[in-house]
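The structure appears right after this line, and notes come after that.
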Amino acid sequence: VLFRSDKDIANAVRYAVDNGAKVINMSFGKPVSPGKEKVWEAFKYAQDKGVVLVHAAGNDNEDLELNDNFPTNFKSQTDEKPFINNMIVIGASTNNNEILRAGFSNFNQKMVNVFAPGDKIYSTVPDGKYEYLQGTSMASPNVAGVAAMIRSYFPKLSAKQVKQILMSSGTPLPSKVVVG
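Take the working numbering: the final residue in the sequence shown is number 181, and no numbers are missing along the way.
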């Protein structure tokens with residue numbers, strides 16, 4: 002489901018939290034958010050309830066410090082740190098070691114936390130078929146799934162701790178990566 006209104010996003014996050022979600026995957030984004038305060042209130046609510054928010058970085062090949070993509074965990078692109086500690090933003094990677102970042106994936110070292118497979122992902126489509134798809138909406142569920150597994154094995158971990166585990170347990174890259 003693609004949410005367009007900020008009210009829908011805020012209500013969806015609150016609904017998921019109130020119904021026991023411990024990890025929420027958010028694979029949607031937009032360049033303008035007139036009701037972003039309501040979304041940020043819902044994100045804070047999720048943080049207060051210990052819920053991990055996993056958000057796709059977007060597919061515009063843009064530096065997120067220079068270009069808005071909502072919802073975001075930064076109230077301003079000039080902020081040094083996110084205003085919440087339970088949200089992890091996911092970019093898409095390829096299996097090409099020379100250019101690991103998928104060419105469509107948004108990026109920024111401060112505003113995108115982790116890259117996960119998001120190119121040539123064999124996925125279900127309508128009518129019982131399969132296709133190869135791409136996008137940060139393919140990468141984000143990979144991380145959300147790992148976050149859910151961590152939470153199932155270690156339910157007492159905080160959302161902040163789960164985020165830190167995800168960020169610190171990725172494979173370090175031995176070479177420079179073309180990001181922008």
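Beta carbons: idealized from backbone N, C-alpha and C, even for Gly. Being a predicted model, the structure only gives us computed values, none of them experimental.
What three-state label does DSSP hand Ser170 in the structure shown?
Reduced to three states, the DSSP call for Ser170 is coil.
What is the DSSP secondary structure of Ser34, reduced to helix, strand or coil?
If DSSP states are grouped into helix, strand and coil, Ser34 belongs with coil.
By Cβ distance, which residues of its chain are closer than 6 Å to Asn26, with the 5 residues on each side in sequence left out?
Only Val55, Ser141, Pro142 and Ala145 meet the Cβ criterion.
Taking just the CA atoms, how far does Asn114 sit from Phe29?
Whole-angstrom Cα-Cα distance: 17 Å.
Taking Gly21 as part of the alpha helix (DSSP H), name the residues at either end of that continuous run.
First-last for Gly21: undefined, no H or E at that position.
Tell me the rounded alpha-carbon separation between Val53 and Ala43.
Those two C-alpha atoms are separated by around 12 Å.
Where in the region 32-92 do unbroken runs of the alpha helix (DSSP H), each at least 4 residues long, occur, reported from the N-terminal end onward?
With a minimum length of 4 residues, the continuous alpha helix (DSSP H) runs that stay inside the region 32-92 are 37-49.
Should Pro118 and Ser94 be called a contact, given that it needs their Cβ atoms to be closer than 7 Å?
In this structure, Ser94 lies closer than 7 Å to Pro118 by Cβ.
Determine the extent of the beta strand (DSSP E) in which Ile122 is found, giving its start and end residues.
Unbroken beta strand (DSSP E) run through Ile122: Ile122 to Val126.
Determine the closest residue to Asn70 out of Arg152, Pro156, Asp7 and Met150, with distance taken between C-alpha atoms.
Asn70 has its Cα closest to that of Asp7, out of Arg152, Pro156, Asp7 and Met150.
Can you tell me where the beta strand (DSSP E) holding Ala117 begins and where it ends?
That run of the beta strand (DSSP E) goes Val115 to Pro118.
For Pro173, I'd like the list of residues in its chain whose CB is within less than 7 Å of its CB, leaving aside the five on either flank, ordered along the chain.
Counting only Cβ-Cβ distances below 7 Å, and skipping sequence neighbours, we find nothing.
Pick helix, strand or coil for Ile10, following the three-state DSSP scheme.
Reduced to three states, the DSSP call for Ile10 is helix.
What number of angstroms, rounded off, separates the C-alpha of Val14 from the C-alpha of Ile100?
Computed Cα separation, rounded: 34 Å.
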